[in-house]
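So the protein lines, in turn, are chains A and B.
Numbering that gives the first Met the number 0 puts the first residue of the first sequence at 0, with every later residue one more than the last.
Numbering that gives the first Met the number 0 puts the first residue of the second sequence at 0, with every later residue one more than the last.
First comes the structure, then the notes that go with it.
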Amino acid sequence: MTNVDMPTPVIVPTVPIRHSSSAIRYCVLVAAAVFLSANPARSHPLQAEPVDHAHVFNFDQFYIPEDPDELIVDGGMLLIAELNCAACHAMPDAWKDRLPAKQGPDLSAVGNRLNEDSLWRFIRSPQSRKKGTQMPGLFAGEEGDVEAVEAITMYLSSLKKDQPKLPEGDAQRGREVYHTVGCVACHEPAADYRPAKAAPDTVLEKPGLSSVPIALADDYDFQSLAHFLLDPLSCRPAGRMPSMRLTEQEASDIAAYLHTGRLPPKMDERALLKLPPQTVAQGREAFIARRCTSCHTTGEDMPKQTAKPFASLNASASTGCLSGKIQSGIPRYDFKELQTRALRLALQRLQMDAPAPFTAQQTVDWHMMRLNCYACHDRESKGGPEEPRAQYFHVNDPGAESLGELAHLPPSLDRIGRKLTRDWLQRILWGKDGSVRPYIDTRMPNFGQAQTEPLIAPLEEADALATPVAINVSGLEKHHRAESGRQLMGATGLACVACHGLKDRKSLGPPVLRLTHTVERLRPEFFKELLLNPQETQPGTVMPPLFMGRKKADQEIESIWTYLRELDGQPLPEGLLSATDFELKPDVERRPIVFRSFIEDVGTHAIGVGFPGGLNAAFDAKTSRWVIIWKGRFLDAMSNWQERSMPPIKPLGTGVKKMPPAIGMRSFGGYRLDTAGVPTFWYQQDGKRVEDTLRPTPDGKGFEHVLKIDGKETKETLSW
Amino acid sequence: MVRLKHFALALGLLINATVHAVEDADYYNILTYQLPENVIMEASGLAVLPDGRLAVAIRRGEVWMLDHPEATPAATENVGFRKFASGMHEVLGLAWHEGALYATQRSEITRLRDLDGDGVADEYATASAGWGVSGNYHEYAYGPAIDKEGNFYTSLNASLGKGWEGAGDEAKLPLWRGWCMRTVPGSPPEPWAAGFRSPCGIGTDLDGEVFVTDQQGNWFGTNPLLHVRKGAFFGHGDAVRDMSQPNSPIKSPGKLPEGITTAEAIHNVPGYCPPAVWFPYVKMGQSPTGFRCDGTDGKFGPFAGQMFVGEFVLSGVNRVFLEKIGGEIQGACFPFIKGLQCASLSVNFLADGSMVIGQSNRGWNSAGNRPFGLQRIVWTGKTPLDVAKMQAQKDGFKFTFTIPIDPGSVRAKDFNGISYTYTYQSKYGSPEMDTQDLKITAADLSADHTMIHVKVANLRAGYVHEFKLPEFKGKDGQPLWHRDAYYTLNRIPAE
């Protein structure tokens, strides 16, 4: 069971999960894997053991011959969807929404990707050039076939587009990226690549599930391959090859790596045929006549030829795609026996009944099967990476190692529809970002909006609670104060910062996800549900039940939400806050800093003056005199700038020296800054105007104290 | 970034939210200033200079100068932000007067001048100081408001707790807390009016009369707008102590009664001045702040001369209509705009007639989701159907509307209202007390369809009269923008 692969411990369901194939296949293949991995000749992913049938990942994963017909029929539906039968055969009306046609690869730049010979070989017999491909063969070698293949080759070769040049790739780097960002969740890992997690001296297990074939990659033009890897959705809009959010350099590097597996060029059969030259126009005609347009687009409008509607197909006909004898023009898929059985059952079902309505969860499951979300994620105890592939899901932060699978593996999707906001789901599924786990190398691929949008509303519906958790995020309650939340999160509060970082600061302990985007990411109701009962809400989480038994849990959670909502512009919680975040630093400003505050030993009318070089003083505007001078660090503005209670602040430096008391009756006037920013204070003393300045002596060891009384200047030096 | 903000979203969050048939954005656009990076623009004071620049005081003790505050889009590079002054102690108000900026710090009003013309202040001169500062954090000082004669007014928060022993003599006896001080330039501040709690808005109307907004809490059943005059006592008990000082303009009322209504306090508490307007708690927000009267001569829409009051918790702005009855100013409040990005703290009008709102919610809660910022409210030019004036009559109220209303939609039986007062007590806040339904006997529409005279058989002096207006329509079919109106009827006109 793939249960063992789950990122979080899951209660084993009482009803067995219907898929069991992976476990069985896995056992059978271990021996073979051991053998194969020892063979250096097969080390590259392109040289993976070829699949001998039209490969639909989740069909192989979840269906085995031992399954009864009532299960296998669902597998047949999956094949009909993935092999795109509806592109040629019109669906009965009742099934049109359930099994819509899937858009095949766009060929408008295929001439850049493959040269004439490569195109020719692939069109002539897709299965022999790329075993396991979902592209059917249409040419059985009957009369006219060779000319048609040649003509289509000419037409497709003419389809070219200018594309910007991507950087040179580095195969070694590409090999690393290929094995760490998630490619190997579906594609074959190289047998000679050891994931960092694999214990030394052990034989590397080979994946039990067959890999999605990539055997054509080495025929691709390097630049086109890099472009394809950079943005697969633009030529494969169906999203089965999602974007891995690669940089241009990464795309080039992987392309370079895939080119290292290039096979030696084959003997040129095409030339040996010595066919009369075919024109592009002839090829275009053949392209339409052979129904290529049912699946493919080329950037120009072309008519689509339809085949028999589903209603009139005969599941047990002696000719046709399910029969043993496939004529020219009939798509040949190389089905394995179980696939033929599944397709026959599904065809019968289609012709008999309307589809049973899906529950929201069934809809979710259907889309997750089609897009192979299960390769990485589990949901409702189904899916998740199998063990031999899971070891490639790696962390880059050693601090996360101790979190085990929680940190390594992509998260479980249980309850995800009530956990994430719609906006965040969209970002993850088709947006640009959305990752909050920087310690995981594996990336969440982008499947494109068209493919994943139908998943969102059913996810929300399937996961909604009958009675949603109540949380008030109006901001209108007195406890809706960011500062209260900040204090709760801090090291001397509930210490959320022990595990969670914020913004650019790491947590004090393990690097579990940072909470910077919490309010954009999480629905507030889920946030509260999780905090009130972490294990129940996210089984297996390491989040402790901090709020259990706390009388004001509701209010506290709302306070924290308020803080996170206003995070941008707020100081960090204690613990993450650096001791110097609010420190006033004359050395950094390179000018004196004047700062008025409540200062200890000075009073409530204190004006601190800090000079570059580490000499500081404080003037009392009430008694009009310098009260203290000190050396080293100046003052911390935290009290004035952040704390509601504004406690008096202390000089941060050392050598605090008190100045003598004032003489005479004084009345404060203010201060002026000279061009260097040095303040001169003025006051009236017994009717005379006094101007009073402290400035560092030239050697920086003490102050020069300048007094100007009614224009008459006196100086003294203060050293201490 | 400049953003057109739609209020419908925020409205859903509000308790007691009025259902709006139209979005505020039809009438007023909200533009958000993009702020320079790493500037914590907790905008506590706004002063518009004669040349159109906007000076913004922030709670971190700085003043920022915005060269082009009307720039659209309000990107930092278009607006031009420059730091003008720094190092002050929690500035909570800013004004421009006779060629200089005046900022109120915790312990003084400071005149800021740029003597060498380099665009940065180099003189920080004390313009007024001498009130007590014990070090208790509640001792905020707000202002200055400046009257027609050029006198300065500072409202001082009550201490509301213990001082810091390091404050010396002032630790135990900080003078004039909970008072409003007047400073005649060149003289020390003199105590002027008393009985404030947390008077966080201070300003003048267009005639130069000084007003203060204060906060619900002890002695204030809900939030008031107070008309400041020499010797006025507004009821907060903490201010009584200093009435025994020789220069107090107020005679101590002695021990204050507890548990009577504020309507009764008008007669029973010696010297007590009722608020010109009560803002009913929650219904009209929970915390009025800075305010400004609309002197734009119509550039801000149909409410020229009226007062716009920042609302902290709702992150919005309310509107106040004032009139003089029997020699005293009283009036009504109405909702105006909610759903700003952050708590409103300061309000002003730019030269182009748009309103600018300074924002910070540090230390308290608010519906907005930003910790600080600046926004502009710009009239779209479309006139909403709204109450322009609500005037007390001897037999009811006269509602004047901004545009003629559809006569078919006005029926006396659709008018509803209640009246209530509050408890006057040292305990915190008060529910609405002694509530009665208004007995509405007629709703007469004027011949020009712009005024409705609502006749009420049971007017009560000293009570708030609250109306939920019917959903009538303008003659052009547009719905009434705001249906809520709250008149504080301290006095019933004789005629």
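Yeah, the Cβ is synthetic: ideal placement off N, Cα and C, and Gly gets one too.
Just so we're clear, the structure is a prediction, and the values are computed from it rather than from any experiment.
CB-CB under 8 Å to residue i, same chain, minus the five flanking residues each way: which ones, in chain order?
{"i": "N77/B", "result": "H67, A70, T71"}
{"i": "S322/A", "result": "A316"}
{"i": "P35/B", "result": "T75, F80"}
{"i": "E97/B", "result": "G149"}
Once you ignore the five residues that flank residue i on each side, which residues in its own chain have a CB closer than 6 Å to its CB?
{"i": "R485/A", "result": "Y562, P572"}
{"i": "L114/B", "result": "D121, E122"}
{"i": "M306/B", "result": "F290, C292, V319"}
{"i": "R671/A", "result": "T679"}
{"i": "A237/A", "result": "K101, Q102"}
{"i": "C495/A", "result": "M488"}
{"i": "T109/B", "result": "A102, Y123"}
Within the continuous alpha helix (DSSP H) that includes residue i, where are the two ends?
{"i": "R720/A", "result": "In this structure chain A extends from 0 to 719, so residue 720/A is not present and cannot be described."}
{"i": "D204/B", "result": "Note, D204/B: premise wrong, no alpha helix (DSSP H); not H, not E."}
{"i": "G484/A", "result": "481-488"}
{"i": "H407/A", "result": "404-407"}
Return the CA-CA distance between residue i and residue j, expressed in angstroms with no decimal places.
{"i": "T212/B", "j": "L111/B", "result": "26 Å"}
{"i": "G701/A", "j": "D50/B", "result": "45 Å"}
{"i": "A124/B", "j": "G668/A", "result": "6 Å"}
{"i": "Q102/A", "j": "F58/A", "result": "20 Å"}
{"i": "R417/A", "j": "T420/B", "result": "45 Å"}
{"i": "I151/A", "j": "E115/A", "result": "10 Å"}
{"i": "A140/B", "j": "Y32/B", "result": "27 Å"}
{"i": "T422/B", "j": "R632/A", "result": "53 Å"}
{"i": "V227/B", "j": "Q329/B", "result": "12 Å"}
{"i": "P397/A", "j": "V183/A", "result": "22 Å"}
{"i": "A46/B", "j": "N489/B", "result": "33 Å"}
{"i": "L165/A", "j": "A254/A", "result": "11 Å"}
Is it buried or exposed for residue i, if we count other Cβ within 10 angstroms and need 16 for buried?
{"i": "R25/B", "result": "For clarity, residue 25/B is Asp in the given sequence; the question names Arg instead. By the 10 Å Cβ count, D25/B comes out exposed."}
{"i": "I628/A", "result": "buried"}
{"i": "T362/A", "result": "buried"}
{"i": "V587/A", "result": "exposed"}
{"i": "N135/B", "result": "buried"}
{"i": "Q435/B", "result": "exposed"}
{"i": "G253/B", "result": "exposed"}
{"i": "T401/B", "result": "buried"}
{"i": "R97/A", "result": "buried"}
Span of the beta strand (DSSP E) holding residue i?
{"i": "D433/B", "result": "432-436"}
{"i": "C179/B", "result": "178-182"}
{"i": "M306/B", "result": "306-310"}
{"i": "E189/B", "result": "189-193"}
{"i": "H464/B", "result": "462-467"}
{"i": "N615/A", "result": "614-619"}
Which bits of chain C does residue i rub up against, with CB to CB less than 8 Å?
{"i": "T125/B", "result": "As a matter of chain content, chain C is missing from the structure shown, whose protein chains are A and B."}
Can you find the residues in the same chain that come closer than 7 Å, C-beta to C-beta, to residue i, ignoring five residues on each side of it along the sequence?
{"i": "T515/A", "result": "L501, K502, L566"}
{"i": "A93/A", "result": "A353, P354"}
Problem set entry | Residues, ordered as in the chain, of the region 470-495 of chain A that lie near chain B by beta-carbon distance below 8 Å | V472, S473, G474, L475, E476, K477, H478, H479, R480, A481, E482
Exercise. Any residues in the region 346-374 of chain B with a beta carbon nearer than 9 Å to a beta carbon of chain A? Which ones, in chain order?
Worked result: N360, R361, G362, W363, N364, S365, A366, G367, N368, R369, P370, F371, G372
For this session: Could you name the residues of the region 596-612 of chain A whose beta carbon sits closer than 7 Å to any beta carbon of chain B, in the order they occur along the chain?
Result: S596, F597, E599, G602, T603, H604
Problem set entry | Interfacial residues, the region 298-321 of chain B to chain A, with Cβ spacing under 7 Å | So the list reads V312, given in the order they occur along the chain.
Exercise. Just by C-beta distance, which residues in the region 535-569 of chain A are closer than 8 Å to chain B?
Worked result: T561, R564, E565, D567, G568, Q569
Exercise. At a Cβ cut of 7 Å, what residues of the region 161-183 of chain B count as close to chain A, listed as they run along the chain?
Worked result: W163, G165, A166, G167, E169
Exercise. When Cβ atoms are compared, which residues of the region 31-44 of chain B fall closer than 7 Å to chain A?
Worked result: Within the region 31-44 of chain B, the residues whose Cβ lies closer than 7 Å to some Cβ of chain A are I39, listed in chain order.
For this session: Determine which residues of the region 101-122 of chain B have a Cβ less than 7 Å from any Cβ of chain A, and write them out in chain order.
Result: So the list reads Q104, S106, D121, E122, given in the order they occur along the chain.
Problem set entry | Interface positions of the region 672-702 of chain A facing chain B (Cβ-Cβ less than 7 Å), listed along the chain | L672
Problem set entry | Contacting positions in the region 130-144 of chain B - beta carbon closer than 8 Å to chain A | V132, S133, G134, Y136
Problem set entry | Contacting positions in the region 52-63 of chain B - beta carbon closer than 7 Å to chain A | Those would be R59, G60, in chain order.
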